[in-house]
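Participant:
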Ligand SMILES: Cc1cc2nc3c(=O)[nH]c(=O)nc-3n(C[C@H](O)[C@H](O)[C@H](O)COP(=O)(O)OP(=O)(O)OC[C@H]3O[C@@H](n4cnc5c(N)ncnc54)[C@H](O)[C@@H]3O)c2cc1C
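Residue numbers (my numbering): 397 to 556.
(1) Does the Cβ of residue 469 have 16 or more other Cβ atoms within 10 Å, making it buried, or fewer, making it exposed?
(2) At 3 residues or longer, and completely inside the segment 465–521: list those beta strand (DSSP E) runs for me, N to C.
(3) Taking just the CA atoms, how far does residue 500 sit from residue 425?
(4) From what residue to what residue does the beta strand (DSSP E) around residue 419 run?
(5) Mind checking who residue 524 pairs with in its DSSP beta bridge?
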């Protein structure tokens, strides 16, 4: 295995060009080539969502999302007006596929465990997690039995 970035492919002469930390533009010959470079996230035609909804494909993305969630709690703790707490501690997830469901569960677990006793002014357990989807049920691409199971599991969350 080679740790490096493939920057080009020469189909006629059957080699890829790769660069690593210490070597640049190294040709690597192949007989058969499979490109399995993954995918990027999509906003389904709504690229204006990007500033509010970062991708979730890398560790850096995950840390950025977690920091935003934690910042919301810090902001609520600093807010003296209790009527603002509800807004600051409402998390809306758009898309009830596996990622949305998993993320909603992760926030619910976080508020009940890690954050439970970290604040004085706010009660993290009062946070609301709202999972929105245009389909009639969560996990729409899965069997209905699995969908109902997830819905039942989540009925105890601080959610709507
Ligand atoms: C938040 C989240 C949760 C998920 N949970 C699940 C789950 O529970 N169960 C499940 O089955 N699936 C889950 N998935 C989906 C799963 O991660 C993907 O379906 C799977 O990783 C796709 O595999 P892949 O090999 O096609 O791409 P990737 O896993 O993205 O791998 C592509 C690789 O190619 C490398 N690469 C890209 N460009 C280059 C280049 N130019 N040169 C060299 N290397 C390059 C990348 O660094 C990467 O290592 C989840 C995805 C996300 C985002």
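Note that beta-carbon positions come from the ideal geometry of N, C-alpha and C, so glycine has one too.
Facilitator: Based on what the coordinates show:
(1) The residue given as residue 469 occupies position 73 in the chain shown. Buried is the call here.
(2) Taking 3 residues as the minimum length, the beta strand (DSSP E) runs contained wholly in the segment 465–521 are 486–490, in order along the chain.
(3) Your numbering for residue 425 matches position 29 in the chain shown. Your numbering for residue 500 matches position 104 in the chain shown. Taking the straight line from one Cα to the other gives about 45 Å.
(4) Within the chain shown, numbered from 1, the residue matching residue 419 stands at position 23. Annotation for residue 419: no beta strand (DSSP E) segment contains it, and DSSP assigns it neither H nor E.
(5) Numbered from 1 along the chain shown, position 128 holds the residue referred to as residue 524. Bridge partners of residue 524: 486.
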